[in-house]
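As C-alpha cells, the structure follows; a few thoughts come after it.
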Amino acid sequence: MRSRRQMYSAVMRFFLKCLRIGQRRRFWLTQQVEQLWLYGHLCLRSLFYNSFADSDTALDALFEPIYWLVDHVTRWFGVVFVALVITLTTSVVAIVYICLLPMILQTYSIPWIFWHIVYGHWNLVMIVFHYYMAINTQPGYPPQHPKNDLAAVSICRKCIAPKPARTHHCSICNRCVLKMDHHCPWLNNCVGHYNHRYFFSFMLFMTMGCIYSSISGWDMFWEAYAAIEKMKLLDKEKLHVTANQTYSQTPPPIFSFRQRAFHKSIVYAWVLCSSVAVALGALMLWHSALITRGETSIERHINRKEKKRLQKKGKVREFPQGRKKKGDRPTATNQTFFLACGLKTCKPSPLIVSVVFDGLSYKVCVSQINYRPFFTSNLEFIK
1 MRSRRQMYSA VMRFFLKCLR IGQRRRFWLT QQVEQLWLYG HLCLRSLFYN
51 SFADSDTALD ALFEPIYWLV DHVTRWFGVV FVALVITLTT SVVAIVYICL
101 LPMILQTYSI PWIFWHIVYG HWNLVMIVFH YYMAINTQPG YPPQHPKNDL
151 AAVSICRKCI APKPARTHHC SICNRCVLKM DHHCPWLNNC VGHYNHRYFF
201 SFMLFMTMGC IYSSISGWDM FWEAYAAIEK MKLLDKEKLH VTANQTYSQT
251 PPPIFSFRQR AFHKSIVYAW VLCSSVAVAL GALMLWHSAL ITRGETSIER
301 HINRKEKKRL QKKGKVREFP QGRKKKGDRP TATNQTFFLA CGLKTCKPSP
351 LIVSVVFDGL SYKVCVSQIN YRPFFTSNLE FIK
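If you're matching positions, the sequence shown starts at 1 in the UniProt record's numbering and goes up one per residue.
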C-alpha cells in the first residue's frame with residue numbers, strides 16, 4: 001500500500017511540475033508578444049504621432065488618393081458631358097425639323113405656323129447662345145496681385161492667397177472662384193460671379209424648349225407609340241408561322257424601315273424632352289429660390305449649420321440681397337432680369353459693372369449688438 005501511495009504521489013508531483021513549467025513558458029511567450037507590440041506601437045507613435053491630429057485628419061489623409069482620382073477624372077468627364085449635351089440637343093432639333101415641323105406646316109393655320117416658327121427658332125437661339133456663354137465665360141477669379149484695399153475674409157489653404165468674401169476653392173479647376181455656386185460637369189466649368197446668369201438662363205430656356213417640344217409633339221407621340229406596339233404584335237405573329245410555310249408565302253412587313261425609324265425617333269425625342277423638362281425644371285426652380293434669397297448653392301449648405309449657431313450670438317445676415325433688396329443678382333448688370341436673360345444677348349462689359357457687382361466687395365449688414373460685421377457666408381436674416 002505504501003509503495004502504491006508513494007508511486008501516486010510521485011506521479012502527482014511530476015504532473016504539477018509539468019503544469020508549472022508550462023505556465024512559466026506561456027507567461028514568457030505572452031511577455032515577449034506584449035513587449036513586441038509595445039515596441040512597435042512606440043515606434044509608430046514616435047514616427048507618425050502628431051498632437052494636433054485627430055480621427056478626422058486621419059480619415060482625410062486616408063481618402064486623399066480617392067479625392068485626387070475623382071478630381072482628375074471629373075475633368076475628363078466634363079468634356080464627355082458637354083459632347084453629350086451637344087449630341088442630344090442636335091438629335092432632338094433634327095427630329096423636330098424632320099418629323100414635327102412638316103406636321104405643323106400641314107395641319108396648323110398660318111398664324112399658328114408663324115408662331116411656332118418664330119418661337120421655336122428664338123428659343124433655340126437662346127439655348128445655344130447661353131450654353132456657349134456659360135461654357136466660355138470665366139466665372140471670375142481673385143486678382144493675382146490684390147490691392148491693399150481688398151477686403152479679404154480669409155486665406156485659401158490650397159492657393160495660399162487672400163480669399164475675398166463668398167469666394168470658394170474649386171478642387172477640380174484647382175482655383176478660387178468668386179461667388180462660386182458649384183462646378184457643373186455639364187458645362188465643364190465653374191458657375192461663379194460672371195457666368196451665373198448664363199447658367200441660369202440656359203436652364204430656363206432649355207426647360208422652356210423641352211416643354212414646348214413635349215406639348216407640340218404630344219399627338220404624334222401617341223400615334224408613334226401605338227404604331228410601335230402594333231409592330232411588336234406583328235413581330236410576335238411572325239414567330240407563330242407554321243413550319244411548312246415557305247419564305248415566299250410569308251407576307252411582307254406592313255411597316256418599312258423608314259416608318260419604324262420615324263416612329264421610334266418621335267418616341268425618343270418626346271421621352272427625352274419630357275425627362276429633361278422635369279429634371280432640369282426642378283433644378284431651375286431650386287436655383288430660382290436661391291437667387292431670390294441672394295444665396296449660392298454652397299452658401300445654402302453652410303447656412304443650415306451657421307444659422308443655428310449665429311442665432312445664439314445675435315448675428316444677422318451679412319449680404320442682405322434678398323427678395324426685397326435690389327443688388328447682387330446673377331445678371332451682373334443693372335438691367336432687368338428679363339432683358340438680361342432674353343433680349344439683352346450680349347456679354348456684360350467690366351466697364352459698366354458697378355463696385356457692388358465686381359465679385360470682391362459686397363454690402364455688409366452690421367450687427368446691432370457689437371457693431372462689427374461678421375464675415376462668414378451669405379446668412380439669412382435673424383431677427
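For glycine and all other residues, C-beta sits at the position ideal for the given N, C-alpha and C.
> In this structure, does DSSP put Arg258 in helix, strand or coil?
Replying inline: Looking at Arg258 - three-state DSSP - the assignment turns out to be helix.
>> Using only the alpha-carbon positions, how far apart do Tyr108 and Phe262 sit?
In response: Going from the Cα of Tyr108 to the Cα of Phe262 covers about 21 Å.
>> At the level of alpha carbons, what is the spacing between Ile160 and His145?
In response: Roughly 13 Å between the two C-alpha positions.
> Nearest to Val73 by alpha carbon, out of Gly192, Ser171, Ser214 and Gly294?
Replying inline: Residue Ser171 is the option with its Cα nearest to Val73.
>> If you measure between the beta carbons of Leu204 and Gly192, is that distance less than 7 Å?
In response: Pairing Leu204 with Gly192 gives a Cβ-Cβ distance that is not under 7 Å.
> Considering only residues of the same chain and omitting the five flanking positions on each side of Phe81, which have a CB-CB separation below 6 Å?
Replying inline: Closer than 6 Å at the Cβ level, and outside the excluded window around Phe81, lie Pro185 and Trp186.
>> To the nearest angstrom, how far is the alpha carbon of Ile95 from that of Ser213?
In response: Counting only the Cα atoms, Ser213 lies some 10 Å from Ile95.
>> In the DSSP output, which residue or residues are listed as bridge partners for Ile155?
In response: Looking at the DSSP output, Ile155 shares a beta bridge with Pro162.
> Roughly how many angstroms lie between the CA atoms of Met231 and Leu285, to the nearest whole one?
Replying inline: Roughly 40 Å between the two C-alpha positions.
> Rounded to whole angstroms, how far is the Cβ of Ile113 from the Cβ of Ile127, which I believe are closer than 8 Å?
Replying inline: So it is not a contact: roughly 21 Å between Cβ atoms.
>> On the DSSP bridge list, what partners appear for Cys190?
In response: DSSP links Cys190 through a beta bridge to His183.
> Which class does His168 belong to by DSSP, given the choice of helix, strand or coil?
Replying inline: His168: strand per DSSP, three-state reduction.
> Which residue comes first and which comes last in the alpha helix (DSSP H) that contains Cys173?
Replying inline: Cys173 -> no alpha helix (DSSP H), and no H or E assigned at all.
> If you draw a straight line from the C-alpha of Val276 to the C-alpha of Ile135, how long is it?
Replying inline: Between the alpha carbons of Val276 and Ile135 lies a distance of about 19 Å.
> Should Asn174 be labelled buried (16 or more other beta-carbon atoms within 10 Å of its own) or exposed?
Replying inline: Asn174 is classed as exposed because its beta carbon has fewer than 16 other beta carbons within 10 Å across all chains shown.
> Counting along the chain, where does the alpha helix (DSSP H) carrying Ile113 start and finish?
Replying inline: Here the alpha helix (DSSP H) through Ile113 covers Ile110 to Asn136.
> Looking only at DSSP bridge pairs, what is Val276 linked to?
Replying inline: According to DSSP, Val276 bridges with nothing at all.
> Opposite Val177 in the DSSP bridges: which residues?
Replying inline: Paired residue(s): His168.
> Just reading off the alpha helix (DSSP H) that residue 393 is part of, what are its end residues?
Replying inline: No information on residue 393 is available, as it lies outside the stretch 1 to 383 that the chain covers here.
> Helix, strand or coil for Ile294 per DSSP?
Replying inline: In the sequence as displayed, the identity of residue 294 is Gly instead of Ile. Three-state DSSP puts Gly294 in coil, outside helix and strand.
>> When you compare the CB positions of Cys210 and Cys273, do they come within less than 7 Å of one another, or not?
In response: When the beta-carbon positions are compared, Cys210 and Cys273 come within less than 7 Å of each other.
>> Less than 7 Å between the beta carbons of His168 and Met180, yes or no?
In response: Between His168 and Met180, the C-beta spacing is below 7 Å.
> What is the DSSP secondary structure of His145, reduced to helix, strand or coil?
Replying inline: Coil at His145, not helix or strand.
> Is the Cβ-Cβ distance between Tyr194 and Gly140 less than 7 Å?
Replying inline: Taking 7 Å as the Cβ cut-off, Tyr194 and Gly140 qualify as a contacting pair.
> Taking the Cβ atom as the reference point for each residue, do Trp270 and Phe200 lie within a distance shorter than 7 Å?
Replying inline: No.
>> Between Tyr225 and Val267, how many whole angstroms is the CB-CB distance? I'm expecting something under 8 Å.
In response: Yes, Tyr225 and Val267 are in contact; Cβ-Cβ is about 6 Å, under 8 Å.
> In its own chain, which residues sit with a C-beta less than 8 Å from the C-beta of Asp56, not counting the 5 before and 5 after it?
Replying inline: Counting only Cβ-Cβ distances below 8 Å, and skipping sequence neighbours, we find nothing.
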